[in-house]
Structures are given as C-alpha cells and as structure tokens.
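Let me begin by presenting the structure, written as structure tokens, before commenting on it.
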Ligand code: ADP
C-alpha cells in the first residue's frame, strides 16, 4: 500500500517546487492489523471464562444453591474459570512487558533449569513421565533470569503435557560462546508439519481436541519466542507425529 501526498510550494503566486512524498504503508497496516487481531483474540479469550462465571453464578442465585451437590460443583467451576482468567491476564501482561526495562545479571542457567524441573516433577510423576537432565552444575551467563525462566518453564511444561504416559523428557543444557544452548526433547504426540511454524503465534493451538482443557492459553510458545527474541537468541523445532518434538534454543 502506498500513500502519496503532493505539496505545492508557492512563491509569488507561482509554483516554485512540487514535492511528492510517497509513504509505504504496508508495514504500518501490518502492525495495525496484528494489534487489532491481538485485541480481538484477547477479548474473545477473556470472555469465555467470564461468561462461564456469570452464567454459573446466575444459576446458583436462581435456586441451584439450595442443592448442596450443585452448589459445590458450580462453585468449583467458578473457581477454575477464575484461575484461568488469572493465568490469561498474567500471560498477556508478560507478552506486553517492555524488554528495555529488564534486569541483566549473572545467572546460573543450570540452577534455573533444576528449579523448574523440581517444580514440574509432581505433574510429570502423575503421568509417569521421566525428566532426564544433562547439564553442567554451573553455567554462568549475563542475562535476564526472568526471560530464561519463561523459556525453560514453558518448553519443559509443554514437553510433559504433550507427552504420552510413561514418556520421557530429555533436557540438555550446554555452554555456547558467551551463552548457552538449551534443548527439550519429548516422546509425545508431535506437531503436524503444517502447524510447526504457527505454534509460535499468539493464541495458536494445533487443535482444540488435543489442547489442555483448562490450563492452556495458546500463549506459552508466543511468550517463549518473545523471550528468546529479547535475549537475541534463536528457537527452532523438530517434530514427528506420534514420535516426539524437540525444541532447541540458542542464546548467544
Ligand atoms: P498451550 O497453552 O495450548 O500449550 P503453547 O503456545 O504452549 O499453548 O503451544 C501452542 C500449541 O502447540 C499447543 O496448543 C500444542 O498443540 C502445540 N505444542 C506445543 N508444545 C508441544 C509439544 N511439546 N508437543 C506437541 N505439541 C505441542
């Protein structure tokens, strides 16, 4: 898209010069469309839990509260949907955070990975998924601990969630000139070729049927990709359906 403006500069009632300015609006329109899409997606995603919460509250007030079983069941739904709202809002705020304000300090990547694995151990145990970690005890980099945590947590969390029962998650951390390489391989359902590039888009889910019925927001990989970008790194994935997926992040 090109916008043109013609400015005639008059000098003694004569046209002395004609200036033609051409603007390329393609990029501006693209950014505007992405922002509009994002707002539309956010509104839609927020509406779903809000609708559920107000619907169940209304049913309770309409008389269902007198039935103890219904009371408990509906309150649990309201609580679950409120938690989902909190997750969504936190994810959206994370995505909008300005990378310029981020702290950079000496961090031990190995420690972040170990803490994350410990935090996810319970969920993995429930599914009998083994998390196997290969890394040095200390890997120091000057970076943003918050961003590294986002990358590590989202990728390992997905590797557990989209795995099969009794599956394996292999985490490898290695030093790389002044930075590190981090990879997470799972033995899960895999990602179809056609979706492989799109999974990094905000709110993109491969299909409803296999996505998390409540926890997922479709924002995890968008947050991960954004964190990798903020650190000047790169992320890639290799996946085979029903065999598994490997995500590799290199932060220089
Ligand atoms: P979600 O909150 O849905 O997990 P993500 O942004 O983390 O959102 O992931 C986007 C989609 O990519 C998921 O809905 C899922 O379909 C797919 N995906 C992500 N990680 C994996 C993985 N390790 N194995 C298979 N599919 C995955």
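Residue numbers (the working numbering): 23 to 274.
By construction, the Cβ of each residue, glycine as well, lies at the ideal position given by its N, Cα and C atoms.
Keep in mind that this is a model prediction, so the values were computed, not measured.
| Query | Result |
| --- | --- |
| Integer-rounded CB distance, given that residue 269 should sit under 8 Å from residue 259 | 5 Å |
| Span of the alpha helix (DSSP H), counted from its first residue to its last, around residue 131 | 131-148 |
| Short Cβ contact (8 Å threshold) for residue 138 with residue 94 | no |
| Residue 43 vs residue 27 beta-carbon contact at 8 Å | yes |
| Cβ neighbour criterion (16 or more within 10 Å) applied to residue 47 | exposed |
| Residue(s) in a DSSP beta bridge with residue 21 | Nothing about residue 21 can be reported from this structure: the residues present for the chain run from 23 to 274 only. |
| Residue 85 classed as buried or exposed, judged by whether at least 16 other C-beta atoms fall within 10 angstroms | exposed |
| Cβ pair count under 8 Å reaching 3, the region 142-150 against the region 110-125 | no |
| Span of the beta strand (DSSP E) around residue 165 | 162-165 |
| Residue environment, residue 224, which counts as buried when at least 16 other CB atoms sit within 10 Å | buried |
| Buried versus exposed, by CB contacts within 10 Å (16 or more), residue 41 | exposed |
| Environment of residue 91 [buried if 16+ CB atoms lie within 10 Å] | exposed |
| Distance cut-off 7 Å: residue 208 Cβ against heavy atoms of ligand 1 | yes |
| Heavy atom of ligand 1 within 7 Å of residue 211 beta-carbon | yes |
| CB contact flag (residue 239, residue 67, <8 Å) | yes |
| Run of the beta strand (DSSP E) containing residue 198, from where it starts to where it stops | 190-198 |
| Counted within 10 angstroms of its Cβ, other Cβ atoms place residue 251 as buried (16 or more) or exposed | exposed |
| Same chain only: Cβ atoms within 8 Å of residue 234, ignoring 5 sequence neighbours per side | 183 |
| Span of the alpha helix (DSSP H), counted from its first residue to its last, around residue 113 | 90-118 |
| Beta-carbon separation (whole angstroms), residue 247 vs residue 257, contact threshold 8 Å | 6 Å |
| Element boundaries [alpha helix (DSSP H), containing residue 50] | 48-83 |
| Any non-hydrogen atom of ligand 1 within 7 Å of residue 131 CB | no |
| Other residues of its chain near residue 71: CB distance less than 6 Å, five sequence neighbours each side excluded | 103, 106 and 107 |
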